[in-house]
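Reviewing the structure listed below.
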Amino acid sequence: MACQDGGCDFFKWYNGQMCDRATELLRQLCDCEQNLSKENSSLKKKVIDLVTFDGSQNGSSSITDI
0 MACQDGGCDF FKWYNGQMCD RATELLRQLC DCEQNLSKEN SSLKKKVIDL
50 VTFDGSQNGS SSITDI
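Numbering (numbering that gives the first Met the number 0), first residue to last: 0 to 65.
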């Protein structure tokens, strides 16, 4: 066993091709994450609009760190 740079080359990492089902699941998860991110941004905007409206009525806001 020859050592190079403080290690040996006995173990090699191998990534085989994923099956079609795994590829489709990853694609679906990515799509769901993107949709949730868009929904989250939309909800944050609505909260900011509500806080702005409440702030104009009462002079201050109690919601922080959105």
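Backbone N, C-alpha and C fix where the C-beta goes; we use that ideal spot for every residue, glycine too.
Note that the structure is predicted; figures quoted are calculated from it, not measured.
With DSSP as the reference, label residue i as helix, strand or coil.
{"i": "cysteine 31", "result": "helix"}
{"i": "asparagine 39", "result": "helix"}
{"i": "glycine 58", "result": "Because the pLDDT at glycine 58 is just 49, under 50, the model does not fix this residue reliably, and the point stays unresolved."}
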